[in-house]
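J.: In this note's numbering, the protein residues as written are 4 to 476.
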Amino acid sequence: MRSLYIDGAWRDSASDEALDVVNPATEQVIDTVPAGATADVDAAVEAAAAALPAWSALTPGQRVTHLTKALELFNARIGDIAAELTRDMGAPATFAAKVQAGLPSLMFRTYIDLVEEHGERYFTGEKVGNSLVVHEPIGVVGAITPWNYPLHQIVLKVVPALLAGNTVVLKPSEVAPLSAYALAEVFDGAGLPAGVFNLVSGTGPVVGEAIAAHPGIDMVSFTGSTRAGTRVSQVAAETVKKVALELGGKSPNLILPGADLTKAVKRGVADVMRNTGQSCNALTRMLVHRDSYAEAVELAAASAAKYAPGDPRDEGTRMGPLVSAAQFDKVRSYVDLGVSEGARLVTGGSEPVEGLEKGFYVRPTVFADVRNDMRIAQEEIFGPVLVLIPYDTVEEAVEIANDTVYGLNAAVWSGDQEEGLAVARRLRAGQIELNGGAMNPRAPFGGYKRSGNGREWGLPGLVEFCEVKAVQT
Numbered sequence: 004m005r006s007l008y009i010d011g012a013w014r015d016s017a018s019d020e021a022l023d024v025v026n027p028a029t030e031q032v033i034d035t036v037p038a039g040a041t042a043d044v045d046a047a048v049e050a051a052a053a054a055l056p057a058w059s060a061l062t063p064g065q066r067v068t069h070l071t072k073a074l075e076l077f078n079a080r081i082g083d084i085a086a087e088l089t090r091d092m093g094a095p096a097t098f099a100a101k102v103q104a105g106l107p108s109l110m111f112r113t114y115i116d117l118v119e120e121h122g123e124r125y126f127t128g129e130k131v132g133n134s135l136v137v138h139e140p141i142g143v144v145g146a147i148t149p150w151n152y153p154l155h156q157i158v159l160k161v162v163p164a165l166l167a168g169n170t171v172v173l174k175p176s177e178v179a180p181l182s183a184y185a186l187a188e189v190f191d192g193a194g195l196p197a198g199v200f201n202l203v204s205g206t207g208p209v210v211g212e213a214i215a216a217h218p219g220i221d222m223v224s225f226t227g228s229t230r231a232g233t234r235v236s237q238v239a240a241e242t243v244k245k246v247a248l249e250l251g252g253k254s255p256n257l258i259l260p261g262a263d264l265t266k267a268v269k270r271g272v273a274d275v276m277r278n279t280g281q282s283c284n285a286l287t288r289m290l291v292h293r294d295s296y297a298e299a300v301e302l303a304a305a306s307a308a309k310y311a312p313g314d315p316r317d318e319g320t321r322m323g324p325l326v327s328a329a330q331f332d333k334v335r336s337y338v339d340l341g342v343s344e345g346a347r348l349v350t351g352g353s354e355p356v357e358g359l360e361k362g363f364y365v366r367p368t369v370f371a372d373v374r375n376d377m378r379i380a381q382e383e384i385f386g387p388v389l390v391l392i393p394y395d396t397v398e399e400a401v402e403i404a405n406d407t408v409y410g411l412n413a414a415v416w417s418g419d420q421e422e423g424l425a426v427a428r429r430l431r432a433g434q435i436e437l438n439g440g441a442m443n444p445r446a447p448f449g450g451y452k453r454s455g456n457g458r459e460w461g462l463p464g465l466v467e468f469c470e471v472k473a474v475q476t
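1. Out of curiosity, what's the CA-to-CA distance linking LYS101 and LEU325?
2. Using the Cα positions of ALA85 and VAL397, report the straight-line distance between them to the nearest angstrom.
3. VAL178 by DSSP, collapsed to three states: which one?
4. Kindly indicate which residue of LEU391, ARG458, ALA308, GLY198 has the alpha-carbon position closest to the one of ALA51.
5. Grab the span of the beta strand (DSSP E) containing VAL44 for me, first residue to last.
6. Should ILE258 go down as buried or exposed, given a rule of 16 or more other Cβ atoms within 10 Å for buried?
7. Does the Cβ-Cβ distance between ALA17 and ALA42 come in under 7 Å?
8. Thinking C-alpha only, which one of ASN151, LYS72, GLY423, THR89 is nearest GLY261?
9. Would you call the segment 116–125 and the segment 88–103 in contact, with 3 or more CB pairs under 8 Å?
10. Could you pull the start and end residues of the alpha helix (DSSP H) that ILE214 belongs to?
11. Quick one: grab the DSSP three-state call for ASP34.
12. Could you give the distance in angstroms between the alpha-carbon of GLU301 and the alpha-carbon of LEU250?
13. If you draw a straight line from the C-alpha of GLY194 to the C-alpha of HIS69, how long is it?
14. Ordered along the chain, which non-local residues of its own chain (more than five positions away) have a Cβ less than 8 Å from that of LYS309?
15. Sort out for me which residues DSSP pairs PRO140 with in a bridge.
16. Do VAL356 and TYR364 have their C-beta atoms within less than 7 Å of each other?
17. So the candidates are PRO367, GLY410, ALA47, ALA231; which of them puts its Cα closest to the Cα of VAL334?
18. What is the DSSP secondary structure of ASN256, counted as helix, strand or coil?
19. What number of angstroms, rounded off, separates the C-alpha of ALA47 from the C-alpha of THR265?
20. Assign ILE403 to one of two classes, buried (16 or more other C-beta atoms within 10 Å of its C-beta) or exposed (fewer than that).
21. Run the CB neighbour count on ASN412, radius 10 Å, all protein chains shown included, and call it buried at 16 or more, exposed below.
22. Taking 7 Å as the limit between beta carbons, can you name the residues of its chain near ASN405, skipping five residues before and five after?
23. Quick check on ALA12: does DSSP put it in helix, strand or coil?
24. From ASP263 to SER295, what distance separates their C-alpha atoms?
25. Does the beta-carbon of ALA299 have 16 or more other beta-carbons within 10 angstroms, so that it is buried, or is it exposed?
26. For PRO149, name the three-state secondary structure that DSSP assigns.
27. Short check: CB of ASN201 to CB of PHE468, under 7 Å?
28. Rounding to the nearest angstrom, what Cα-Cα distance links PRO180 and GLU360 in this structure?
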């Protein structure tokens, strides 16, 4: 069994319990990690608090030097980390290299660049009238991260928190924890001062709640389900600590009349099938004008059929397994629910995937004739399931798009850029993709409504981990 990383050293957990790590493609146990105890969180917080004064006293440039060395070590072993992510959570090899490991490297570098470019302004302070406005570290940050993009979500929290002068206690998902251990090894190899970064593996009800409740934790940054995020907020409220939440989504993909229908549908299906549908910002509701609806359904079915599930170790595999047996059962139950609700199953279904007797594989699934009040249109399935909803007017389309408790992501496709931008401005979501606009690592990411609060990515994701002080002169 692996150990915990606390105060710059690998140590045994106070608990004797272990958690199995299962390869979702083979259903075989590939590792075990400690099921940490409350006493482990106490030790990690104590170490982080002790390290905070010296770490926060460093200049931004000195912290950049530490993190740059860590990034160099990370990039030197990025191939092995990608392979670990394929074993750990089933990401296809090509996707694991490009996204599951490649995107964390990009965001790591981006945060370092942002501090080098803006550190003087934010951390030394800027004059605002007769005031000096300074951004200072919050203190000890508790980071609780999910399994769907396990390393990416860790980097989005840990790296900006450290660069801002905070110290960190991390609880990775117990479902896919191995990349967190790889990052801990990188920090250890880079000589990060003891106590600045600490890792406590374990379950949410034990380790997660202990972090959220701990009076020595000054901020909790959580990514996961809305249900779990609600619980984190409730527990953290007892100590009035700051809480940043990145939660679920049921994002609309609004295709306007006059848009390139073939391109819009193809890109929309690819977005849903990415990471086997296990993306909080997946565009799972495709809204199409009734005049083009039948054609869109045919295009979506044809595109989805190209995402045949397969062994994630094979370079040609586009879609691997779901991450766990629990997720497998959940997604298949939603597919059956869609049929019982009266939606038309166009392709896919809940039947086992032929030729794949082992592993948590599901079929890429497309539903048509979906009403927005159906559960498959309102609840986050977190699997490769797309629903198509027709509309008659743009006004109706906007109403349908906004008729959800979530507000994380959305997309608009239009033959007229200005029309598309006007519709995008009317959607209640934290980020909008207009005509397939490319990802921007410097743009903020986060949600409206029950998709969370606070922001990650870019400068907003850096200052999220800061207190703001005004000194009047």
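Each residue gets a CB set at the ideal place from its N, CA and C atoms; glycine is no exception.
Only a predicted model underlies this, so the values are computations on that prediction, with no experimental measurement involved.
T.: In brief:
1. 19 Å
2. 43 Å
3. coil
4. GLY198
5. Looking at the DSSP string, VAL44 is not in any beta strand (DSSP E); the run it does join, the alpha helix (DSSP H), is 41–60.
6. buried
7. yes
8. GLY423
9. no
10. 212–216
11. strand
12. 32 Å
13. 8 Å
14. ARG321
15. CYS469
16. yes
17. PRO367
18. strand
19. 52 Å
20. buried
21. buried
22. LEU430, ARG431
23. strand
24. 11 Å
25. buried
26. coil
27. no
28. 25 Å
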